[in-house]
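J.: Letter by letter, the sequence shown follows residues 1 to 201 in UniProt numbering.
Cβ coordinates follow ideal geometry from the N, Cα and C atoms, glycine included.
Structure incoming, see below.
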Amino acid sequence: MTIIAAADGSALGNPGPAGWAWYVGEDCWAAGGWENSTNNRGELTAVLELLHATAQAGLAGEELLIQADSQYVINSLTKWIHGWKKRGWRKGDGKPVLNDDLMKQLDAAMRGRKVRFEWVRGHVGHPLNEAADQRARAAATAYQRGGSVPTGPGWTRVAGAATEPNMEEATEREPPRRIAESDDASSGRAQQAPAATGTLF
């Protein structure tokens, strides 16, 4: 079975107060942030924290489907990362990869795991994506205002239940528009259905 989760980031100013969040359900989500960061770092951190949470729960052997509205994240982790690694974490023009600290951590966290990414359009009513977005923005807003950051309950589901998708949320989702797959991201064996296009950051 497959764990279905959304990961999102938010930045007020970009750079500015920023937040990240991953969301599986009302009882299973986490969020955090910084006083000053970028939306892209929030998006990447959300995926990284989700990978860590599922691994710590003993679920690294389960397939993980991550909904994300960031083509930067999906392209980075399923397409561009293989060339970056071959070039010593440099882009095709020889310049250093942005956010390479997070990219390296994500590469290690995905190693040996079955991870797929589903691109969803943001702010159009996808339940999981909207929930993650709201929590990432709430974290960013808390840092902006100096308030308490809503960090969430974290991973709370037992191994057997964790892989069961929320059927109400799953059936409300639009059909997948693009799915990119990373099967052991470090090996270069990633596969993509029509790959999300974007600019190489």
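Bridge partners for T45 per DSSP, in chain order?
T.: For T45, which the question treats as bridged, DSSP gives no partner whatsoever.
J.: From what residue to what residue does the beta strand (DSSP E) around D100 run?
T.: From DSSP, D100 is part of no beta strand (DSSP E) but of the alpha helix (DSSP H) over 100–110.
J.: DSSP on G146, reduced to helix/strand/coil?
T.: Residue state, collapsed to three classes: coil.
J.: Can you have a look at S148 and say buried or exposed, based on whether 16 or more other CB atoms are within 10 angstroms of its CB?
T.: Classification for S148: exposed.
J.: Quick check on DSSP: helix, strand or coil for W84?
T.: W84: helix per DSSP, three-state reduction.
J.: Only counting the same chain, and skipping five residues up and downstream in sequence, which positions put a Cβ closer than 6 Å to that of V24?
T.: Once the five neighbours on either side are set aside, the close Cβ partners of V24 are A5.
J.: Could you check what DSSP says for D69 in three-state terms: helix, strand or coil?
T.: Three-state result, D69: coil.
J.: Among R116, R145, L59, V120, which residue has its Cα nearest to the Cα of T156?
T.: Of the candidates R116, R145, L59, V120, the one whose C-alpha sits nearest the C-alpha of T156 is L59.
J.: With DSSP collapsed to three states, give me the class of L64.
T.: The answer is strand: DSSP assigns L64 an E or B state.
J.: Throw me the rounded Cβ distance for the H52 and A138 pair, which I believe falls under 8 Å.
T.: Not confirmed; about 21 Å, so no contact.
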